[in-house]
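Chemist: Here the protein sequences line up with chains H and W, keeping their order.
Per my numbering, residue 1 is the first one in the first sequence, and the count goes up by one each step.
Per my numbering, residue 446 is the first one in the second sequence, and the count goes up by one each step.
2 protein chains.
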Amino acid sequence: MVSRRAAALAAQPPAIAVAHFRAEAYPYDARLRPDGYINLGTAENRLVWDLLAPRLTARRPLTAADTHYGPLHGADAFRRELAGFLTGICRTEIDPDHLVVVSGVTGALDVIATVLCDPGEAIVVPAPYYSAFDVDLVGRSGARLLPAPVRADQDFQVTPDVLDEALAGARARGVTVRAVALASPGNPVGHVLPPRVLREIVAVAVRHGVDVVVDEIYANSVFGDNSGFVSALDPEVEAAGTGRVHVVWGFAKDFGLPGLKIGVLCSPDPQVCAAARALAYFAATSTDTQALLRDLLADREWVTGFLAESRRRLGRAYRSAAGLLTAAGLPFVPVEAGFSLWVDLRGWLTEPTFAAEDELWARILDEAHVNVLPGRLFASPDPGWFRLCFAAAPAVVSQGVDRIARLLGSLRASASASASVAEPEPAFASGSAPGRRYERAEGPR
Amino acid sequence: MVSRRAAALAAQPPAIAVAHFRAEAYPYDARLRPDGYINLGTAENRLVWDLLAPRLTARRPLTAADTHYGPLHGADAFRRELAGFLTGICRTEIDPDHLVVVSGVTGALDVIATVLCDPGEAIVVPAPYYSAFDVDLVGRSGARLLPAPVRADQDFQVTPDVLDEALAGARARGVTVRAVALASPGNPVGHVLPPRVLREIVAVAVRHGVDVVVDEIYANSVFGDNSGFVSALDPEVEAAGTGRVHVVWGFAKDFGLPGLKIGVLCSPDPQVCAAARALAYFAATSTDTQALLRDLLADREWVTGFLAESRRRLGRAYRSAAGLLTAAGLPFVPVEAGFSLWVDLRGWLTEPTFAAEDELWARILDEAHVNVLPGRLFASPDPGWFRLCFAAAPAVVSQGVDRIARLLGSLRASASASASVAEPEPAFASGSAPGRRYERAEGPR
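#1: Among the candidates Tyr69(H), Cys90(H), Ile94(H), Tyr26(H), whose CA atom is the shortest distance from the CA of Arg79(H)?
#2: Name the two residues that bound the continuous alpha helix (DSSP H) containing Gly315(H).
#3: Pick helix, strand or coil for Arg525(W), following the three-state DSSP scheme.
#4: Among Pro383(H), Glu44(H), Leu345(H), whose alpha-carbon lies nearest the alpha-carbon of Leu411(H)?
#5: Residue range of the beta strand (DSSP E) that Ala179(H) falls in?
#6: Can you check which of these residues, Leu9(H), Glu44(H), Pro352(H), is closest to Cys389(H) by C-alpha distance?
#7: Which residue from Trp793(W), Ala824(W), Arg832(W) puts its Cα closest to that of Arg859(W)?
#8: Below 8 Å on C-beta distance, what does Gly515(W) contact in chain H?
#9: Applying a beta-carbon distance threshold of less than 8 Å, which residues of chain W neighbour Tyr281(H)?
#10: Measuring CA to CA, which of Pro14(H), Pro13(H), Met1(H), Ile38(H) is closest to Ala23(H)?
#11: Across which residues does DSSP place His691(W) in a beta bridge pair?
#12: For a cutoff of 9 Å on Cβ pairs, would you count Val560(W) as touching chain H?
#13: Against chain W, does Trp49(H) count as a neighbour if the rule is that its beta carbon must be under 9 Å from one of theirs?
#14: So that I know if they touch, is there some Cβ in chain W lying closer than 9 Å to that of Trp348(H)?
#15: Since Thr732(W) and Thr512(W) should fall inside the 8 Å C-beta cutoff, what is the C-beta to C-beta distance between them, to a whole number of angstroms?
#16: Closest to Pro30(H) by C-alpha separation, out of Val397(H), Ile404(H), Arg406(H), Leu408(H), would be which residue?
#17: From which residue to which residue does the beta strand (DSSP E) around Asp789(W) run?
#18: Between the stretch 497-511 of chain W and chain H, which residues of the former have a C-beta closer than 9 Å to a C-beta of the latter?
#19: Runs of 3 residues minimum, wholly inside the stretch 43-80 of chain H: which ones carry the beta strand (DSSP E) assignment?
#20: Residue range of the beta strand (DSSP E) that Gly263(H) falls in?
#21: Please say whether Gly84(H) and Gln290(H) have beta carbons closer to each other than 9 Å?
#22: What did DSSP end up calling Phe891(W) once you bin it into helix, strand or coil?
#23: Assuming Arg387(H) is part of the beta strand (DSSP E), what are its boundary residues?
#24: Is it the case that the Cβ atoms of Leu146(H) and Ala170(H) are separated by a distance below 9 Å?
#25: If you draw a straight line from the alpha carbon of Gln602(W) to that of Tyr726(W), how long is it in whole angstroms?
#26: Let's test the definition: count the other Cβ atoms within 10 Å of the Cβ of Glu746(W) and tell me whether it reaches 16, buried, or not, exposed.
#27: Going by the CB atoms, is the gap between Val545(W) and Thr604(W) shorter than 9 Å?
#28: I'd like to confirm the pairing. Which residues does DSSP put opposite Arg39(H) in its beta bridges?
#29: Consider the Cβ of Ser448(W): report whether some Cβ of chain H lies at a distance smaller than 9 Å.
#30: Could you tell me how far apart the beta carbons of Trp361(H) and Pro374(H) are, in whole angstroms, since I believe they sit closer than 8 Å?
#31: Give the secondary structure of Ile123(H) by DSSP, where H, G and I count as helix, E and B as strand, and everything else as coil.
#32: Give the C-beta separation of Phe668(W) and Glu781(W) to the nearest angstrom, bearing in mind that I take them to be a contact with Cβ-Cβ under 8 Å.
#33: For a quick check, are the C-beta atoms of Pro13(H) and Ala723(W) less than 9 Å apart?
#34: Rounded to a whole number of angstroms, what is the C-alpha to C-alpha distance between Ser433(W) and Trp694(W)?
#35: Taking the continuous alpha helix (DSSP H) assigned at Arg171(H), which residues delimit it?
#36: Taking the beta carbon of Ala800(W) as the centre, do at least 16 other beta carbons fall within 10 Å, making it buried, or is it exposed?
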């Protein structure tokens, strides 16, 4: 028999993961599986393997010490390199002793939520928010999320006001809030928050007596021309040195290495760090992989070149995908960072509800065989938005947008010929890819 | 501010880890630090690096897919290799879908405790037990341990009776017990449990309606001549196929790779597996390291040779350490497996209490600079026993036993000359290692 809480957790698998594995089980291949799934749902940077491969496949100068028990919150030498790297990003001296390395940013978010909240206590998050926050910040910690909806007509920009309102509202209802959590750069909407806004957000949180958790996993994935990334730990933001700002970062996005599961929590609060170290014991990372990344970070010149090239490629992929969407008549929110576009399919809903959004999602996945994620999974305040990831091969993104556009076109067509009962053509249908093949698809349904 | 439960966890760092890092911060070196710590407290296999190095430092045939998101409870290909390997150990077909890979055996124990127990529910463990059970099975799960003391005058052998008694006693007191947990081969006392005893233990547990968790992390570290290891999943044991036996294993001991933090839970119960997979999400392991170990396991011939040689070296180290203890007049329990000896220092306690045991421990650590762990940390039912790990370089073990013997000799001497107030000589004192150096020791006190 399984414990109540474990059963509850198992009953709610992260939606992103489920869609991801369904798509990956039968992936698109122009020749072999033309009817396979196009995975534009998973925020993976698939543009940089050629740059990484020589480093990752090379001989590894491991020593016996690299394989023995080490500090379970990250080896000293690894945390020193990480601190040096983060010092460059955050433009403030990062102390290696303020760093706790754990199993991915998932682990880092779980750790900080568990450190800040007892079960039932709340974390305010501007919505839409990164879908996995629902599991990462909640699943083991027992904390709960209070979404603070931002406005579609303000391009989903996070403002201090919405947080102030949510915090005041929670207090009025007698809810104990321990933290505000947000992603910066944003996800699913890749805005880069200006230092002034970050500063005001920190001020609002401090005024309400809560901590601030900032997920900066896309810190080095800013491709916009006008604005650079500014960390929440930057002196421009944290001039007040509240000690209440905790940042998480990892190698999944900026380095395109999500499988390596190396996340880090950076906190200036010694009590938070001590508690986080105790929790890291349960989600310790491989010293083998730490050694790999330690040596990678030590080569500063390589890192600088790699990140610059990655940003160039992301920018190119973004502009290309944006062009395809525009050409197809699909609106989206222009952004400066991240791997995804927030696409406005409100015009294709049968009604302005999340049920209709789910219905459209199912058609895109089942009929067009494209994995994009619906806004509901990101606690979108407004039905009809979808997250589309563009950091994949141009041909794949193009095929995916094309399939979606065809499906949406056929929906419009069948809506105008409303008496029609004929099933719409598969969106990607072409001479070489008969719709029948769907029935043989191996992906889990 | 830190949550109550995180503060509680941080307040109880695992004693083994604390002693380990103290000893490792200023390690013994015959030339450089003759007064440095001899670490015989940490159960690490330091005898096999020469065999591992060529594999671990070689080029790695990683592909992009090896670094992307994979199943968070272990990549399919890795679990297939693991299943093949465990099938050999357990002498029963292991299904890759019954395996959940997580961050070390620590993670696997945390996961199974969380899956089986809601907070406050209990796990019965024969005592003495592996010290870190107190954290691994308890720290995040909120379960509690009920020690079932085994008897010193029966060589600390685990018997079904002591478990039956503990389970019946718990029921009488209204305590909800969900599982029995034990290490086999044993730790701190490296007995190999015969299949008959394992079978009876499973029968007792099933009769009481609880599951059985068996930590088989030393499965391939059996060096005794008379008895081979038999897994709790072996058909000889689990002929009844109760589905209530869950086994954990990892690369830390048998492969001498504790830093790699790869543990695995093997359970035939689909509900347990589903819940464990949900928890593995928070303690997922590096696909980089999974790929390394996948390729290692795939080379069956190498694995067989490596494990055989490791067992030979362990046996040699055991016999050598046992010889040193015997020569020094220090009694111990003869065992057949593991990395440690259970040494009887009851004769050197000032009184038969755990306070006196702690006092002796402190002297061994502070004066002799030897890290061995006191029985109290293993919930020993009887004060005066210490765990001494022998899987290190012979010169180091010999130096450690020598220092302990000298300290104990000086204690005896000062006890017989009871009027003496002179400080005893440092146990390792020699011309080249003045006792004064202790004051400059860099290890955390």
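Glycine is no exception: its CB is placed at the ideal position from the N, C-alpha and C atoms.
Modeler: So, to answer that:
#1: Position 79 of the first sequence, counted from the first residue, corresponds to residue 79(H). For Arg79(H), the nearest C-alpha among the options comes from Ile94(H).
#2: Position 315 of the first sequence holds residue 315(H). That run of the alpha helix (DSSP H) goes 300-327.
#3: By one-based count along the second sequence, residue 525(W) stands at place 80. Residue state, collapsed to three classes: helix.
#4: On the first sequence, position 411 is the one that residue 411(H) refers to. Leu411(H) has its Cα closest to that of Leu345(H), out of Pro383(H), Glu44(H), Leu345(H).
#5: The count along the first sequence starts at 1 and reaches residue 179(H) at position 179. Unbroken beta strand (DSSP E) run through Ala179(H): 177-183.
#6: Translated into positions along the first sequence, residue 389(H) becomes position 389. That would be Glu44(H), whose Cα lies nearest to the Cα of Cys389(H).
#7: Taking the second sequence and counting its residues from 1, one reaches residue 859(W) at position 414. The question names Arg, but residue 859(W) in the sequence shown is Ser. Answer by Cα proximity: Trp793(W).
#8: Within the second sequence, the letter at position 70 stands for residue 515(W). Gly259, listed in chain order.
#9: For this step, residue 281(H) is matched to residue 281 along the first sequence. The answer, in chain order, is Pro459, Ala462, Thr551, Val580, Gly584.
#10: Within the first sequence, numbered from 1, the residue matching residue 23(H) stands at position 23. Nearest option by C-alpha distance: Ile38(H).
#11: On the second sequence, position 246 is the one that residue 691(W) refers to. Partner(s): Val658(W).
#12: Within the second sequence, residue 560(W) is the residue found at index 115, counting from 1. So, interface residue.
#13: As a first step, residue 49(H) is located in the first sequence; it is residue number 49 there, counting from the start. At least one chain W Cβ lies under 9 Å of Trp49(H).
#14: Taking the first residue of the first sequence as 1, we reach residue 348(H) at position 348. No, its Cβ sits nowhere closer than 9 Å to a Cβ of chain W.
#15: Here residue 732(W) refers to the residue found at position 287 of the second sequence. Here residue 512(W) refers to the residue found at position 67 of the second sequence. The pair is a contact, with the Cβ atoms about 6 Å apart (cut-off 8 Å).
#16: Taking the first residue of the first sequence as position 1, residue 30(H) is located at position 30. It should be noted that the sequence gives Ala, not Pro, for residue 30(H). Comparing Cα-Cα distances from Ala30(H) to each of Val397(H), Ile404(H), Arg406(H), Leu408(H), the minimum goes to Val397(H).
#17: Residue numbering aside, residue 789(W) sits at position 344 when the second sequence is read from its first letter. Note, Asp789(W): beta strand (DSSP E), 785-789.
#18: Leu497, Ala498, Leu501, Thr502, Ala503, Arg504, Arg505, Pro506, Leu507, Thr508, Ala509, Ala510, Asp511
#19: none
#20: Mapped onto the first sequence, residue 263(H) falls at position 263. Taken as a continuous stretch (DSSP letters only), the beta strand (DSSP E) holding Gly263(H) covers 262-266.
#21: Indexing the first sequence from 1 puts residue 290(H) at position 290. Indexing the first sequence from 1 puts residue 84(H) at position 84. No, the Cβ-Cβ distance between Gln290(H) and Gly84(H) is not below 9 Å.
#22: Not covered by the structure: residue 891(W). The range shown for chain W is 446 to 890.
#23: Position 387 of the first sequence, counted from the first residue, corresponds to residue 387(H). It spans 385-389 - the beta strand (DSSP E) in which Arg387(H) sits, taken as one unbroken run.
#24: Mapped onto the first sequence, residue 146(H) falls at position 146. Mapped onto the first sequence, residue 170(H) falls at position 170. Contact: yes.
#25: For the purposes of this step, residue 602(W) is identified with residue 157 of the second sequence, where counting begins at 1. For the purposes of this step, residue 726(W) is identified with residue 281 of the second sequence, where counting begins at 1. Going from the Cα of Gln602(W) to the Cα of Tyr726(W) covers about 37 Å.
#26: Looking up residue 746(W) in the second sequence gives position 301. Exposed, by the Cβ-count rule.
#27: By one-based count along the second sequence, residue 604(W) stands at place 159. By one-based count along the second sequence, residue 545(W) stands at place 100. No, Cβ-Cβ distance for Thr604(W) and Val545(W) is not below 9 Å.
#28: As a position in the first sequence, residue 39(H) is number 39, starting the count at 1. Rather than Arg, the amino acid found at residue 39(H) in this sequence is Asn. BP columns for Asn39(H) point to Asn371(H).
#29: Walking along the second sequence from the start, residue 448(W) turns up at place 3. It does: the Cβ of Ser448(W) has a partner Cβ on chain H nearer than 9 Å.
#30: Sequence index remark: in the first sequence, residue 361(H) carries index 361 (1-based). Sequence index remark: in the first sequence, residue 374(H) carries index 374 (1-based). That belief holds up - the Cβ atoms of Trp361(H) and Pro374(H) are roughly 4 Å apart, short of 8 Å.
#31: For this step, residue 123(H) is matched to residue 123 along the first sequence. Reduced to three states, the DSSP call for Ile123(H) is strand.
#32: Translated into positions along the second sequence, residue 668(W) becomes position 223. Translated into positions along the second sequence, residue 781(W) becomes position 336. Contact flag correct, Cβ pair sits at about 7 Å.
#33: By 1-based counting over the first sequence, the position of residue 13(H) is 13. By 1-based counting over the second sequence, the position of residue 723(W) is 278. Taking 9 Å as the Cβ cut-off, Pro13(H) and Ala723(W) qualify as a contacting pair.
#34: As shown, chain W starts at 446 and ends at 890. That puts residue 433(W) outside it, with no answer to give.
#35: Mapped onto the first sequence, residue 171(H) falls at position 171. Per DSSP, Arg171(H) belongs to the alpha helix (DSSP H) from 160-172.
#36: Here residue 800(W) refers to the residue found at position 355 when the second sequence is read from its first residue. Exposed: under 16 other Cβ atoms inside 10 Å.
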